[in-house]
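Asker: Each residue of the sequence shown is one higher than the one before, counting from 1 in this note's numbering.
Shown below is the structure under consideration.
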Amino acid sequence: MEIDLISDGTVRVDAGGPFGLVPRALYSKHLPPDEANRLPMALNCMLIRTADATILVDTGLGEKMDESARAMWGLDRTAGGLLDQLDRKGVQAEEVDLVLNTHLHADHCGGNTCSVAGSLRATFPRAEYWVQRVEWADAMHADARTRSTYLQDNFVPLMEAGRLRLLHGETQVSENIRCVPTPGHTRGHQSIVVEHGDWRAIFVADMATFAIHMARTAWLTAYDVMPLENVRTKELWQAWAVQNQAWLIFQHDIRMPIARLTRPDRRLELHPVEEAAGLTADLPKQQPPP
Ligand SMILES: [Zn+2]
Numbered sequence: 001m002e003i004d005l006i007s008d009g010t011v012r013v014d015a016g017g018p019f020g021l022v023p024r025a026l027y028s029k030h031l032p033p034d035e036a037n038r039l040p041m042a043l044n045c046m047l048i049r050t051a052d053a054t055i056l057v058d059t060g061l062g063e064k065m066d067e068s069a070r071a072m073w074g075l076d077r078t079a080g081g082l083l084d085q086l087d088r089k090g091v092q093a094e095e096v097d098l099v100l101n102t103h104l105h106a107d108h109c110g111g112n113t114c115s116v117a118g119s120l121r122a123t124f125p126r127a128e129y130w131v132q133r134v135e136w137a138d139a140m141h142a143d144a145r146t147r148s149t150y151l152q153d154n155f156v157p158l159m160e161a162g163r164l165r166l167l168h169g170e171t172q173v174s175e176n177i178r179c180v181p182t183p184g185h186t187r188g189h190q191s192i193v194v195e196h197g198d199w200r201a202i203f204v205a206d207m208a209t210f211a212i213h214m215a216r217t218a219w220l221t222a223y224d225v226m227p228l229e230n231v232r233t234k235e236l237w238q239a240w241a242v243q244n245q246a247w248l249i250f251q252h253d254i255r256m257p258i259a260r261l262t263r264p265d266r267r268l269e270l271h272p273v274e275e276a277a278g279l280t281a282d283l284p285k286q287q288p289p290p
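As C-alpha cells, this is what we get:
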C-alpha cells in the first residue's frame with residue numbers, strides 16, 4: 001500500500017469561516033491572517049495505491065469554475081491542479097478505480113466531474129464514486145445556507161450515469177481501508193481510516209479543518225451544520241487518535257498536514273509527524289502574507 005497527498009492548489013478564505021466564534025486573539029496566535037483577514041487553505045486529496053486498486057479520496061475544487069469563482073476562492077494553482085499532480089505521481093484519470101467523497105461540499109467534490117464539449121462527465125471514467133446516503137440526501141435538498149456549496153453539477157451526473165454508490169454508515173473499502181461516519185460538519189460527513197499492522201491513520205476531512213481544530217474541541221468552523229454533534233465526533237476520534245498514536249491527515253492545513261495527538265495532561269497536544277515528510281514533500285508550502 002502506498003499513500004500520497006495530492007494537492008488541487010490552495011485557496012484563501014476569510015478567517016471567520018474556519019474559526020466561527022473563536023476569538024481572533026486566540027486563533028491568530030496559531031494562524032495569523034493576512035491584512036484582509038484571510039487564511040491560506042490547502043486542498044489536499046489522498047491517493048492510495050494498493051495491489052488491487054487505485055483509490056482517490058476527494059477531488060478538490062475541479063476545473064468547472066469560471067473566473068469570478070476562482071477569484072472568490074483566491075485559487076492558486078501555481079504547481080498545477082489535481083490531475084497535474086496525479087500525473088506527476090504516474091497516475092492517469094482512467095487508472096482511478098474508486099473515488100471516496102468525504103462529503104459533497106464544492107471544495108471536496110468539484111473535481112468529480114468535468115465539462116467536455118458542454119456536457120458533464122465523470123473526470124475518472126472507470127471509477128465508482130462512494131458517498132454517504134445521508135450526505136446525498138442533504139446535498140439534493142440544500143437549504144439557504146448550503147445551496148452555494150452543494151453544486152449539483154458535481155454529483156448529479158454521476159448518479160444519472162449509475163456511477164454513485166450510496167453508503168449506509170461504516171463501510172469497509174478493502175482489508176486496510178474503511179469509511180467511517182464523522183457527523184457534525186455535515187450530517188453525512190465521513191472520514192477515511194487506513195490501518196496496517198499497528199499503524200493507524202485517518203483522513204480527517206472537515207471534522208477538523210485545521211490541525212488546531214482537532215486539539216481544541218470547542219473550536220468549530222462557521223460552516224458546521226451540527227456544531228454540537230461535531231464536538232461529540234471529535235471527542236470520540238481524539239480518544240482513538242491518542243490511544244493508537246494515529247496519524248491525523250488534515251486536508252486543509254498548509255502548516256501541519258499530518259500530526260499526532262497526545263494528552264500529557266488535560267490538554268491535547270499536536271505533534272507534526274516527521275516520518276510523513278515523503279507524503280507531503282510535493283505539497284505547496286505556505287506563502288508569507290503579501
Ligand atoms: Zn472543506
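Every residue, glycine too, gets a C-beta built ideally from N, C-alpha and C.
None of these values were measured; they are calculated from a predicted model.
Out of Pro157, Val194, Ala144, Pro183, point me to the one whose CA is closest to Glu175's CA.
Answerer: Measuring from the Cα of Glu175, the nearest candidate turns out to be Val194.
Asker: Can Asp107 be considered in contact with ligand 1, in the sense that its beta carbon sits closer than 7 angstroms to one or more heavy atoms?
Answerer: Because some heavy atom of ligand 1 lies under 7 angstroms away, the Cβ of Asp107 counts as near it: yes.
Asker: Measuring CA to CA, which of Val131, Tyr223, Gln172 is closest to Val156?
Answerer: Nearest of Val131, Tyr223, Gln172 to Val156, Cα basis: Val131.
Asker: Does ligand 1 have a heavy atom nearer than 7 angstroms to the CB of His213?
Answerer: No, the beta carbon of His213 sits no closer than 7 angstroms to any heavy atom of ligand 1.
Asker: Ordered along the chain, which non-local residues of its own chain (more than five positions away) have a Cβ less than 7 angstroms from that of Leu279?
Answerer: Excluding positions up to five away in sequence, the list reads Ile3, Asp4, Leu5, Ile258.
Asker: Please list, in chain order, all residues of the same chain as Pro338 whose beta carbon is under 8 angstroms from its beta carbon, the five residues on each side excluded.
Answerer: In the structure displayed, the chain extends from 1 to 290; residue 338 sits before or after that span and is not available.
Asker: What three-state label does DSSP hand Arg178 in the structure shown?
Answerer: Three-state result, Arg178: strand.
Asker: Figure out for me which residue from Ile249, Arg266, Ala208 has the closest Cα to the Cα of Ala277.
Answerer: Among Ile249, Arg266, Ala208, the Cα nearest to that of Ala277 is on Ile249.
Asker: Report, in whole angstroms, the separation of the C-beta atoms of Arg187 and Met226, which I expect to be a contact under 8 angstroms.
Answerer: The Cβ separation is near 6 angstroms, so the contact holds.
Asker: On the CB-based measure, 16 or more other CB atoms within 10 Å of its CB, does Asp253 come out buried or exposed?
Answerer: Flag for Asp253 reads buried.
Asker: Is Met291 helix, strand or coil when you go by DSSP?
Answerer: Residue 291 lies beyond the range of the chain shown here (1 to 290); nothing can be said about it.
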